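Colleague: To convert, note that position 97 of the sequence shown is 408 in my numbering; the numbers rise steadily by one, no gaps.
Sending over a structure as structure tokens; questions will come in a sec.
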Amino acid sequence: MASLEPFVPEYWCASCRTPFLNSAPLDSAGLCPLCRDGLRAFEGAYSFGAYEGGLRRLIHMLKYEGVRPLARPLAEMAVRALPKDLVFDAVTPVPMHWRRRWSRGFNQSELIAREVARTLRVPVLKATKRTRFTPPQAELTISARRRNAEGSFRAVRGAVVKEKRVLLIDDVLTTGATAGACAAVIKRAGARSVTVLTVARADRRIGLAMLRGLGRGKNSVGAVQ
Ligand SMILES: [Zn+2]
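Laid out in structure tokens, this is it:
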């Protein structure tokens, strides 16, 4: 754990922190086309490290081997990636479909969210739920990821996110399609802002063309071209 280093790519979007191969997709303010055109449902995305090596191993131990006490140190690492001046009113995990949660016995994002909330001293909210049992995102292309993620979340009735600055927690961020779909639902429920925090980020540095399909709605392709 002591050997783990924060992930600092050379080129990344100042808002969603997507790492890029070069500076081509970024404008003078450092924003990628999706953030520039308001196609991301979240205000920012922060992660502690790259999803590889020791960090990947720790996340796997929590997720697949059920080493639940790892949620605390992983949450503490994630919190270190947050800018100190950001303030949140509530923390909420990316939910898991009840069927997967039942077979795994827990939702790792929920365990991490609880620890993040404790560290930040804010409440945990159950803001959304998964309505579809979707295939693992890892097996899908970027545009298939977005289609897969869209419509698979629903706001939990009675969850009070109105006017709140919400911190959305997941274990790993890959393209941001899942977090984006979940954030969009929280926004529609009235949240003032949604910021994504994950322990790790897949270090898949992408080029401009690969941004296609990552934004919200059909027009995102046109906006990126
Ligand atoms: Zn961006």
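Where a beta carbon is used, it is the ideal one built from N, C-alpha and C, also for glycine.
No experiment lies behind these values; they were computed from the predicted model shown.
Which residue's Cα is closest to the Cα of residue 432: 345, 474 and 401?
Modeller: 401
Colleague: When you compare the CB positions of residue 537 and residue 392, do they come within less than 8 Å of one another, or not?
Modeller: Outside the displayed range of the chain (312 to 536) lies residue 537, so it cannot be described from this structure.
Colleague: Does residue 483 pass the burial test, meaning 16 or more other C-beta atoms within 10 Å, or should it be called exposed?
Modeller: buried
Colleague: Comparing alpha-carbon positions, which option in 418, 492 and 360 lies nearest residue 513?
Modeller: 360
Colleague: I'd like to know whether the C-beta atoms of residue 437 and residue 466 end up nearer to each other than 8 Å.
Modeller: No, they are not a contact pair.
Colleague: Between which two residues does the beta strand (DSSP E) holding residue 439 run?
Modeller: 439-441
Colleague: Span of the beta strand (DSSP E) holding residue 357?
Modeller: Taken as a continuous stretch (DSSP letters only), the beta strand (DSSP E) holding residue 357 covers 355-361.
Colleague: Are the CB atoms of residue 479 and residue 497 nearer to each other than 8 Å?
Modeller: yes
Colleague: Alpha carbon to alpha carbon, how far is residue 502 from residue 451? Give it in angstroms, no decimals.
Modeller: 29 Å
Colleague: Just confirm the distance between the C-beta atoms of residue 421 and residue 434, as a whole number of angstroms; I'd bet it's less than 8 Å.
Modeller: The pair is not a contact, with the Cβ atoms about 14 Å apart (cut-off 8 Å).
Colleague: Mapping the DSSP letters down to three states, classify residue 315 as helix, strand or coil.
Modeller: coil
Colleague: Given a cut-off of 8 Å on the beta-carbon distance, is the pair residue 490 and residue 370 in contact?
Modeller: no
Colleague: Beta-carbon separation of residue 426 and residue 488 under 8 Å?
Modeller: no
Colleague: Please return the same chain residues whose Cβ sits closer than 7 Å to the Cβ of residue 424, not counting the five positions on each side in sequence.
Modeller: 402, 403, 404, 435 and 480
Colleague: Identify whether residue 330 lies in helix, strand or coil by the three-state DSSP scheme.
Modeller: Residue state, collapsed to three classes: strand.
Colleague: State yes or no: is the C-beta of residue 444 within less than 8 Å of the C-beta of residue 410?
Modeller: yes
Colleague: By how many angstroms is the C-alpha of residue 474 removed from the C-alpha of residue 554?
Modeller: No answer is possible for residue 554: it lies beyond the span of the chain, which begins at 312 and ends at 536.
Colleague: Any heavy atom of ligand 1 closer than 7 Å to the CB of residue 329?
Modeller: yes
Colleague: In whole angstroms, what separates the C-alpha of residue 383 from that of residue 505?
Modeller: 22 Å
Colleague: Hey, is residue 478 close to ligand 1, as in C-beta under 7 Å from one of its heavy atoms?
Modeller: Residue 478: no, Cβ never under 7 Å from ligand 1.
Colleague: Whole angstroms are fine: how far does the CA of residue 327 sit from the CA of residue 457?
Modeller: 16 Å
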